[in-house]
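Colleague: The sequence shown begins at 114 in our numbering and counts up by one.
Ideal Cβ positions, reconstructed from N, Cα and C, are used throughout, including at glycine.
Values in this document were obtained by computation on a predicted structure and should not be read as measured data.
Please read through the structure below; I'll follow up with questions.
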Amino acid sequence: MDKDKLYRSLWYIAGTIFGIGMLDVVAHGIGIMLYAGLNM
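What follows is the structure, given as structure tokens:
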């Protein structure tokens, strides 16, 4: 396995994890806002 492919797959994995993490944070933020809005 050459280094170029290795780096690309590492960046892909890191980007995927980061992307999922960001989506998770956004989803939680929206959920909390909706929850707070319903309880007011």
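1. Please report the distance separating the alpha-carbon of Ala-140 from that of Lys-116.
2. Enumerate in chain order the residues of its own chain whose CB-to-CB distance from Asp-137 is below 6 Å, with the five nearest sequence positions on each side excluded.
3. Measure the alpha-carbon distance for Phe-131 versus Leu-119 and round it to whole angstroms.
4. Roughly how many whole angstroms lie between the Cα atoms of Gly-128 and Met-135?
Modeller: Straight from the coordinates:
1. 36 Å
2. none
3. 18 Å
4. 10 Å
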